[in-house]
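**Student:** Structure in structure tokens, see below.
There are 2 protein chains.
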Amino acid sequence: MKPSFEELKEKLKQRNIHLSYQRLRVLEYLVQNRCHPTVEQIFSDLQKSISTLSKTTVYNILKILVEAGVVKVITIENYETRYDIEVEDHGHFKCESCGTIYDFNINFDLLNSADLKNFKISDKNVYFKGICPRCLSNINETVKGD
Amino acid sequence: MKPSFEELKEKLKQRNIHLSYQRLRVLEYLVQNRCHPTVEQIFSDLQKSISTLSKTTVYNILKILVEAGVVKVITIENYETRYDIEVEDHGHFKCESCGTIYDFNINFDLLNSADLKNFKISDKNVYFKGICPRCLSNINETVKGD
DNA sequence: TTATAAATGTGTAATGATTACAAATTTGTA
DNA sequence: TACAAATTTGTAATCATTACACATTTATAA
């Protein structure tokens with residue numbers, strides 16, 4: 009379900025992708041930070057402990073991990089690319105107030121359309137936008153407070 | 009269902025958005041070109057007949073039309089923003105071979121998740137990727153021909 | 001019609017994410 | 001240990017988008 013760091017390393021080995029220090033640290037970061045981080049977040053956080061890290065390296069590694077099928081690009085806004093460990097299908101909800109992206113379960117098998125009967129589908133994506141419970145309650149608090 | 013140019017003009021009037029020449033031409037272009045064009049496509053096509061047109065103007069107008077709710081931003085790839093006349097909910101299929109984006113019907117009411125019961129959902133998006141029938145048959149032709 | 005303020009459009013410069021590329025470093029192998 | 005290949009790094013280039021100031025058009029009223 010949620011692949012462990014060890015399982016992901018194994019998958020990369022099988023694909024003959026060398027497990028360099030930087031690659032492992034980026035992978036580890038994504039396993040530990042399941043908040044769909046941007047390149048900027050990944051880079052600035054990792055740079056604290058890998059002082060020589062280059063942002064280009066982060067871009068390169070993410071590209072390799074995506075091609076290897078262990079990381080998925082999350083495209084919700086065109087001005088920010090986010091990355092997620094590749095897991096079973098799920099939807100994303102982006103809160104338009106705080107920007108947080110939440111995962112939610114959804115049955116992708118139900119996502120079918122007769123219009124696509126002659127199409128070869130290789131990737132299904134679902135994302136919603138709106139306001140998350142936390143922000144909704146903050147808004148209510150504010151109203152009450154006024 | 010598919011709003012006409014006249015209906016869209018009416019909607020803009022109701023929202024007190026001045027129907028300038030450039031705005032009407034961009035709107036007309038989107039009604040007539042239901043291929044989810046990029047800013048570049050809209051600009052370069054319209055510039056042929058509106059020689060003074062500025063790309064900044066196209067950006068400005070698209071922003072206004074989106075805010076007015078008559079145009080929707082289609083985010084599938086983070087490197088290209090596409091625009092579509094706002095219509096009833098439908099999914100998008102992007103062919104990874106030719107780049108064409110197809111509309112398909114899908115029941116958005118079925119798109120629910122218990123995980124989101126306390127969330128306020130204002131926008132639902134579905135997009136698939138894969139190979140379209142045309143490209144699939146081209147590939148088959150090529151294989152046969154070899 | 002004419003004056004004038006507000007709205008709209010235009011062109012250039014700035015921004016910022018991403019990519020290209022070449023040099024430096026590290027790794028694997030003989 | 002030596003060398004070739006892979007990986008990382010830093011800088012420069014690219015490209016979509018935005019900021020901004022100026023030009024043009026439109027709406028309104030005298």
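Top line first, the protein sequences correspond to chains Z and E. When we follow the working numbering, the leftmost residue of the first sequence carries the number 9, and every step to the right adds one. When we follow the working numbering, the leftmost residue of the second sequence carries the number 9, and every step to the right adds one. Glycine included, every Cβ here is placed at the ideal spot set by N, Cα and C.
Can you tell which of Z/Gln-22, Z/Val-79, Z/Ile-25, Z/Tyr-29 has the C-alpha that lies nearest to the C-alpha of Z/Thr-46?
**Tutor:** Walking along the first sequence from the start, residue 46 of chain Z turns up at place 38. Here the closest residue by C-alpha is Z/Val-79.
**Student:** In the DSSP assignment, find the unbroken alpha helix (DSSP H) run with Z/Phe-116 in it and report its ends.
**Tutor:** Looking up residue 116 of chain Z in the first sequence gives position 108. Premise fails: Z/Phe-116 is in no alpha helix (DSSP H) and is neither H nor E.
**Student:** Counting contacts by CB-CB distance shorter than 7 Å, is E/Ile-93 in contact with chain Z?
**Tutor:** Working through the second sequence from its first residue, we reach residue 93 of chain E at position 85. It does not; no Cβ of chain Z falls within 7 Å.
**Student:** May I ask you to verify whether the stretch 30–45 of chain E touches the stretch 132–152 of chain Z, counting CB pairs closer than 8 Å and requiring at least 3?
**Tutor:** No: the two stretches stay apart, fewer than three of their Cβ pairs being nearer than 8 Å.
**Student:** Determine the DSSP secondary structure at Z/Val-78, reduced to helix, strand or coil.
**Tutor:** Along the first sequence, one-based indexing puts residue 78 of chain Z at 70. Of the three classes helix, strand and coil, the one that applies to Z/Val-78 here is coil, per DSSP.
**Student:** Any beta-carbon of chain Z closer than 7 Å to the one on E/Pro-1?
**Tutor:** Because residue 1 of chain E is not part of the residues shown, which for chain E are 9 to 154, the question remains open.
**Student:** Does the pairing of the stretch 87–96 of chain Z with the stretch 94–107 of chain E give three or more beta-carbon distances under 8 Å?
**Tutor:** Verdict: no, contact absent.
**Student:** Please list the terminal residues of the continuous beta strand (DSSP E) segment that includes Z/Lys-137.
**Tutor:** Here residue 137 of chain Z refers to the residue found at position 129 when the first sequence is read from its first residue. Unbroken beta strand (DSSP E) run through Z/Lys-137: 128–139.
**Student:** In terms of alpha-carbon separation, which member of Z/Leu-35, Z/Thr-83, Z/Ile-84, Z/Ala-122 lies closest to Z/Thr-164?
**Tutor:** Nothing in the structure corresponds to residue 164 of chain Z, since chain Z is present only between 9 and 154.
**Student:** Quick one: list the residues of chain Z neighbouring E/Asn-126, beta-carbon separation under 7 Å, in chain order.
**Tutor:** On the second sequence, residue 126 of chain E is found 118 positions in, with the first residue counted as 1. The contacting residues are Pro-141.
**Student:** Going by beta carbon distance, what residues of the same chain come within less than 6 Å of E/Ile-25, once the five residues before and after it are set aside?
**Tutor:** In the second sequence, counting from the first residue as 1, residue 25 of chain E sits at position 17. So the qualifying residues of the chain are Ala-76.
**Student:** Please work out which residues of its chain come closer than 8 Å, Cβ to Cβ, to Z/Leu-119, disregarding the five sequence neighbours upstream and downstream, and give them in chain order.
**Tutor:** Residue numbering aside, residue 119 of chain Z sits at position 111 when the first sequence is read from its first letter. Closer than 8 Å at Cβ, skipping near neighbours: Lys-132, Val-134.
**Student:** Given that E/Glu-85 touches chain Z, what residues does it touch there, using C-beta distances under 7 Å?
**Tutor:** Here the question's residue 85 of chain E lines up with position 77 in the second sequence. Thr-83, listed in chain order.
**Student:** What is the DSSP secondary structure of Z/Thr-1, counted as helix, strand or coil?
**Tutor:** With chain Z covering only 9 through 154, there is no way to say anything about residue 1 of chain Z.
**Student:** Please decide whether E/Gly-77 counts as near chain Z, where near means a Cβ-Cβ distance under 7 Å.
**Tutor:** For the purposes of this step, residue 77 of chain E is taken as residue 69 along the second sequence, with counting starting at 1. No - not a single Cβ of chain Z is within 7 Å of the one on E/Gly-77.
**Student:** Measuring only between beta-carbons, confirm whether Z/Ile-72 sits less than 7 Å from chain E.
**Tutor:** In the first sequence, residue 72 of chain Z corresponds to position 64, counting from 1. No, no contact with chain E.
**Student:** What does the alpha-carbon distance come out to for the pair E/Leu-73 and E/Ser-62?
**Tutor:** Translated into positions along the second sequence, residue 73 of chain E becomes position 65. Translated into positions along the second sequence, residue 62 of chain E becomes position 54. Approximately 17 Å between the Cα atoms of the pair.
**Student:** Under 9 Å between beta-carbons, which chain E residues line up against Z/Leu-119? List them in chain order, please.
**Tutor:** As a first step, residue 119 of chain Z is located in the first sequence; it is residue number 111 there, counting from the start. Per Cβ cutoff of 9 Å: Gly-99, Ile-114, Leu-118, Leu-119, Val-134, Phe-136.
**Student:** Can you tell me whether DSSP reads Z/Asp-97 as helix, strand or coil?
**Tutor:** Taking the first sequence and counting its residues from 1, one reaches residue 97 of chain Z at position 89. Three-state DSSP puts Z/Asp-97 in coil, outside helix and strand.
**Student:** For Z/Ile-147, count neighbouring Cβ atoms within 10 angstroms of its own Cβ and tell me buried if that reaches 16, exposed if not.
**Tutor:** Locating residue 147 of chain Z in the first sequence gives position 139, counting from the first residue. So Z/Ile-147 ends up on the exposed side.
**Student:** Please confirm whether E/Asn-86 and Z/Asn-68 have their CB atoms less than 7 Å apart.
**Tutor:** Taking the second sequence and counting its residues from 1, one reaches residue 86 of chain E at position 78. Taking the first sequence and counting its residues from 1, one reaches residue 68 of chain Z at position 60. Not a contact, by the Cβ cut-off of 7 Å.
**Student:** In chain order, what residues of the same chain lie with their CB nearer than 6 Å to the CB of Z/His-44, ignoring the 5 residues before and after it?
**Tutor:** For this step, residue 44 of chain Z is matched to residue 36 along the first sequence. Counting only Cβ-Cβ distances below 6 Å, and skipping sequence neighbours, we find Ile-82, Arg-90, Asp-92, Ile-109.
**Student:** May I ask you to list the residues that DSSP assigns as paired with E/Arg-90?
**Tutor:** Your numbering for residue 90 of chain E matches position 82 in the second sequence. Its beta-bridge partners are E/Thr-46, E/Ile-82.
**Student:** Look at the alpha carbon of Z/Phe-13 and the alpha carbon of Z/Gln-49, and state the distance between them as a whole number of angstroms.
**Tutor:** To locate residue 13 of chain Z, count along the first sequence from 1; it is residue 5. To locate residue 49 of chain Z, count along the first sequence from 1; it is residue 41. Using only the alpha carbons, I get a separation of about 20 Å.
**Student:** I'd like to know if E/Ser-130 contacts chain Z, where contact means its C-beta is closer than 7 Å to some C-beta of that chain.
**Tutor:** Residue numbering aside, residue 130 of chain E sits at position 122 when the second sequence is read from its first letter. It does: the Cβ of E/Ser-130 has a partner Cβ on chain Z nearer than 7 Å.
**Student:** Look at the Cβ atom of Z/Ser-130, then the Cβ atom of E/Ile-114, and state whether they are nearer than 7 Å.
**Tutor:** Here residue 130 of chain Z refers to the residue found at position 122 of the first sequence. Here residue 114 of chain E refers to the residue found at position 106 of the second sequence. Not in contact: Z/Ser-130 and E/Ile-114 (Cβ atoms no closer than 7 Å).
**Student:** Alpha carbon to alpha carbon, how far is E/Gln-55 from E/Gln-40? Give it in angstroms, no decimals.
**Tutor:** The residue labelled residue 40 of chain E in the question sits at position 32 within the second sequence. The residue labelled residue 55 of chain E in the question sits at position 47 within the second sequence. Each residue's Cα considered, the two are about 16 Å apart.
**Student:** Kindly list, in the order they appear in chain Z, the residues whose Cβ is closer than 7 Å to that of E/Leu-144.
**Tutor:** For this step, residue 144 of chain E is matched to residue 136 along the second sequence. Those within 7 Å of E/Leu-144 in chain Z are Lys-128.
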